[in-house]
Amino acid sequence: MNEEIRQLTELQVIDLEIAKLDAEINAEQAALAKREKAFNERQASIEELKEKVESAEAQRKELEAELADELSRIKERQSKMMQVQTNREYQSLLKEIEDGKKSIKDKEEEVVRIMEASEANTKIMAEQEALIADEKKALAEESAKVQKHAAEIEGKKGKIAVKRDDMAKDINTSALRKYDMLRTRRNGKAVVGVVNGICQGCFMSIPPQHFNDIQKGDRILNCPTCQRILFYQPESKAE
Ligand SMILES: [Zn+2]
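Written out as structure tokens, the structure reads:
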């Protein structure tokens, strides 16, 4: 194999190792973020319920004040009844009292409705609060675990990166630049084998003459389709 290509394949092993470590920690952090998002949403829905219960309580107090007013108005009308002179006056007071009683009944029903709804919401709130209390604890533990693991992985990566820098120093600058560019564009795999005339990166056929040149291995050649750096890989060694 061409010496530069050999160096690059060795470098690629290290780069893939680093990428794998990154993927590992990214996956853990993404899972944690997803859990945190669900937790925050649940907390927000508890806040919403709390506001609902509070505004219902305010509404109930308002209604009860109105009820008290209505009651005293009725009492006032009832005492006036004793002093009425005309039937018209009497009828009019009677109607006011009846209207007042009807209004009281409606308001009392509304108060009951509000209290029932608040009771139901308070129950849901308590359930949700119990759930998030456990989840909060579990999340804190998970977060610490992920952080610890991330630090471990960073340490591992640091050691590997030193090794990589050492290896990269020995590689021809322009070959290294091409490799790095391909690596970012081709999802980490910049150097691939050719098995039976097929590029193992994009699985397209390599034209026969090009394949012959790759087999000779005297210079860096790329796949005409995916541009990856190619090396000849005998069939038996293929994965
Ligand atoms: Zn290809």
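Under my numbering, the first residue of the sequence shown is numbered 117, with each subsequent residue one higher. For each residue, glycine too, the CB sits at the ideal point set by N, CA and C. As the structure is a computational prediction, the values presented were derived from the model and not from experiment.
One thing to note: valine 310 has its Cβ no nearer than 8 Å to the Cβ of leucine 255. Relative to the non-hydrogen atoms of ligand 1, the Cβ of methionine 297 never comes closer than 7 Å to any of them. By the beta-carbon neighbour count (other beta carbons within 10 angstroms, threshold 16), glutamine 331 is exposed. Relative to the non-hydrogen atoms of ligand 1, the Cβ of threonine 125 never comes closer than 7 Å to any of them. Aspartate 222 and glutamate 144 have their C-alpha atoms roughly 57 Å apart. Residue state for glycine 309 is assigned as strand, using DSSP reduced to three classes. From the listed residues Arg122, Ile240 and Ile134, the smallest Cα separation to lysine 168 is found for Ile240.
Ranked by Cα distance from glutamate 119, the first of Ile336, Ala154, Lys211 and Gln343 is Ile336. In terms of Cβ geometry, isoleucine 220 and leucine 183 form a close pair [threshold 8 Å]. Contact check for arginine 280 against isoleucine 130 passes: the beta carbons are separated by less than 8 Å. Looking at the DSSP output, cysteine 315 shares a beta bridge with Val310. In the displayed model, asparagine 338 falls within a strand according to three-state DSSP. Approximately 7 Å separates the beta-carbon atoms of cysteine 342 and arginine 302; this is inside 8 Å, confirming the contact. By the Cβ neighbour-count rule, serine 234 is buried, with 16 or more other Cβ atoms within 10 Å of its own. Residues lining ligand 1 by the Cβ criterion, that is a Cβ closer than 6 Å to any of its heavy atoms, are Cys315, Gly317, Cys318, Met320, Cys339, Thr341, Cys342 and Arg344 in chain order. The shortest CA-to-CA distance from glycine 271 to any of Arg122, Met117, Ile134 and Tyr295 is the one to Ile134. Serine 290 and cysteine 339 have their C-alpha atoms some 18 Å from each other. Under the three-state reduction of DSSP, isoleucine 287 is assigned to coil, being neither helix nor strand.
Between aspartate 215 and alanine 174, the alpha-carbon positions lie close to 25 Å from each other.
Judged by DSSP in its simplified three-state form, isoleucine 345 adopts strand. Under the 10 Å beta carbon count, valine 278 is surrounded by fewer than 16 other beta carbons and is classified as exposed. DSSP lists Ile314 as the beta-bridge partner residues of serine 321.
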